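Using numbering that gives the first Met the number 0, you'd call the opening residue of the sequence shown number 0 and step up by one each time.
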Amino acid sequence: MTSTDITRAINDLLFTPGLDLTEAIDRHFTPDYRQRTNGVWSDRTSFTQHMTRLRSLIRSGHLEVHDELRDGPRYADRHTVTLVHLDGHTSRTEVYLFAELAPDGRFQRVEETTLLVTGQPDDGNLGLIR
Numbered sequence: 000m001t002s003t004d005i006t007r008a009i010n011d012l013l014f015t016p017g018l019d020l021t022e023a024i025d026r027h028f029t030p031d032y033r034q035r036t037n038g039v040w041s042d043r044t045s046f047t048q049h050m051t052r053l054r055s056l057i058r059s060g061h062l063e064v065h066d067e068l069r070d071g072p073r074y075a076d077r078h079t080v081t082l083v084h085l086d087g088h089t090s091r092t093e094v095y096l097f098a099e100l101a102p103d104g105r106f107q108r109v110e111e112t113t114l115l116v117t118g119q120p121d122d123g124n125l126g127l128i129r
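Laid out in structure tokens, this is it:
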């Protein structure tokens, strides 16, 4: 299996509407997946709930990776995600992400910090991979 990366994961999770969410999550995240976003830990169940909510709030978007590094099972990147919300407004969030990949190439753990660059105040609570 080819190792995942943030572009493939986010595109499948949020920007490929015909792809079943469970299939997208299984493709990129291990069953024991955990993540910390801005200091708050969550497990795969809460991550799935969050992705379901995000899919219901956004119309479209895109991801721009600025920096990306791999070293064995370690993965890090800096990216900006732009979301077009159902009400028409746009938000941009810059993300600093550090991750551990499982032997099969899927994300097993992600720790990230986010910064809302443009958008409405509540957009900062959306966090992409939480």
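C-beta atoms are modelled at their ideal positions from N, C-alpha and C, and glycine is treated no differently.
Just so you know, these numbers come straight off a predicted model, no measurement behind them.
Could you pull out every residue in the same chain whose Cβ sits closer than 6 Å to the Cβ of residue i, ignoring the five residues on either side in sequence?
i	result
Thr-92	Val-80, Thr-113 and Leu-115
Thr-29	Ala-101, Arg-105 and Gln-107
Tyr-74	Ala-98 and Leu-100
Arg-77	His-65, Asp-66 and Tyr-95
Which residues does DSSP pair with residue i in a beta bridge?
i	result
Arg-69	Tyr-74
His-134	Because the chain spans 0 through 129 in this model, residue 134 falls outside it and cannot be assessed.
Thr-92	Val-80 and Leu-115
With DSSP as the reference, label residue i as helix, strand or coil.
i	result
Asp-121	helix
Arg-129	Below a pLDDT of 50, predicted positions are generally treated as unreliable, and Arg-129, at 45, falls in that range; the measurement from the model is reported next regardless. Note: Arg-129 maps to coil in three-state DSSP.
Arg-108	strand
Ala-101	coil
Thr-1	coil
Among the options, which one has its Cα closest to the Cα of residue i?
i	options	result
Val-39	Gly-118, Val-109, Asp-121 and Pro-120	Val-109
Pro-16	Ser-90, Ser-55 and Gln-119	Ser-55
Leu-18	Gly-71, Pro-72 and Met-50	Met-50
Thr-44	Thr-21, His-61 and Gly-60	Thr-21
Given residue i, which residues of its chain have a CB within under 7 Å of its CB, disregarding the five upstream and five downstream residues?
i	result
Arg-58	Val-83, His-84 and Leu-85
Glu-63	His-78 and Thr-79
| task | Ignoring anything shorter than 3 residues or poking outside the segment 3 to 59, list the beta strand (DSSP E) runs there in chain order. | result | 28 to 36 and 39 to 42
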